[in-house]
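Here the structure is laid out as structure tokens; the discussion comes afterwards.
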Amino acid sequence: MLKIVVCVSGGGTNLQAILDAIDSGRITNTQVLAVISNNAGAKALERARDHGIEARALSPRKYPDREAFNQAFTEEMEKLSPDLIVLAGFLVRIPPQMVAAFSGRIVNIHPSLIPSFCGVGYYGLKVHEKALERGVKVTGATVHFVNDGMDEGPIIAQKAVDVEEGDTPETLQRRVMEQAEWILLPQAIDDIANDRIHIIDNKAMRRK
Ligand code: GRF
246 MLKIVVCVSG
256 GGTNLQAILD
266 AIDSGRITNT
276 QVLAVISNNA
286 GAKALERARD
296 HGIEARALSP
306 RKYPDREAFN
316 QAFTEEMEKL
326 SPDLIVLAGF
336 LVRIPPQMVA
346 AFSGRIVNIH
356 PSLIPSFCGV
366 GYYGLKVHEK
376 ALERGVKVTG
386 ATVHFVNDGM
396 DEGPIIAQKA
406 VDVEEGDTPE
416 TLQRRVMEQA
426 EWILLPQAID
436 DIANDRIHII
446 DNKAMRRK
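What the sequence shown shows, in this note's numbering, is residues 246 to 453, in sequence order.
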């Protein structure tokens, strides 16, 4: 059984997709140990509690500095001791000590086709704003392992989504979620839970 902790910051629709996929059997061999948010008001925490899952808020603002938060967050994670950490719309940079402690066991969903529109400053709606500004005709989403770079770890899966005439950042974000994110992330978790994915090192992975 793959034990996962899901980290969230906002609406939690990706978390919901994971919970629904576990309930419907599209994700097997997987148990959600807890959901952690940096934002106590996140709707995602409500979604977790409604599902009977332990939900915790851990805000960097409650700590004297980033290092103190990084330490507390990593210790919290070590206590939970998940097999996999899933970043599902989590807007906080993962502490380097957590990346080291959970090497090859952290995955993230990013709402673009990496390496486009990713890295520092590309999060949430900004990603879609930039895609529209550039005038790309196709965007999408990427699930990848997390290493100590920003959106740089080995790519697990990607799915393309068409940009349509008249799209706004909001309509594009919604289409990328519906057509890519909510499908890719549950699939990747199921692949990891059932041993179909193997991470080689911080730069590469392969399908078995
Ligand atoms: C998603 O687009 C995710 O890819 C991005 O932030 C958004 C979070 O949405 N990193 P939600 O909280 O899962 O609804």
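For glycine and all other residues, C-beta sits at the position ideal for the given N, C-alpha and C.
Host beta strand (DSSP E) of residue i (start-end)
i, result
"residue 335", "Element bounds for residue 335: n/a, residue is neither H nor E."
"residue 247", "247-253"
"residue 452", "449-452"
"residue 446", "442-446"
"residue 272", "First-last for residue 272: undefined, no H or E at that position."
"residue 359", "Careful: residue 359 lies outside any beta strand (DSSP E) and carries neither H nor E."
Any non-hydrogen atom of ligand 1 closer than 7 angstroms to residue i Cβ
i, result
"residue 405", "no"
"residue 447", "no"
"residue 246", "no"
"residue 417", "no"
"residue 258", "yes"
"residue 369", "yes"
"residue 285", "no"
"residue 389", "no"
"residue 351", "no"
"residue 395", "no"
"residue 426", "yes"
"residue 356", "yes"
"residue 385", "no"
"residue 422", "yes"
Neighbourhood of residue i by C-beta distance below 6 angstroms, restricted to the same chain and skipping five residues each side
i, result
"residue 332", "252 and 353"
"residue 308", "314"
"residue 436", "442"
"residue 362", "372, 375 and 376"
Rounded distance between the beta-carbons of residue j and residue i, thought under 8 angstroms
i, j, result
"residue 259", "residue 334", "5 angstroms"
"residue 386", "residue 340", "In fact, because the Cβ distance is near 25 angstroms, the residues do not count as touching under 8 angstroms."
"residue 395", "residue 365", "6 angstroms"
"residue 336", "residue 384", "19 angstroms between Cβ atoms; not a contact."
Residues near residue i in its chain [Cβ-Cβ closer than 7 angstroms; skip 5 each side]
i, result
"residue 248", "276, 278, 327 and 328"
"residue 311", "305"
"residue 428", "404"
"residue 271", "431 and 435"
"residue 349", "390 and 444"
Limits of the alpha helix (DSSP H) - the one that residue i falls within
i, result
"residue 267", "258-269"
"residue 428", "427-438"
"residue 340", "Where residue 340 is concerned, there is no enclosing alpha helix (DSSP H), given that its DSSP letter is neither H nor E."
For a minimum of 3 consecutive residues, which ranges assigned as the beta strand (DSSP E) are wholly contained in the segment 277-321? 300-302
Going residue by residue through the segment 364-409, where are the continuous beta strand (DSSP E) segments of at least 3 residues, counting only ones entirely within it? 383-390 and 400-407
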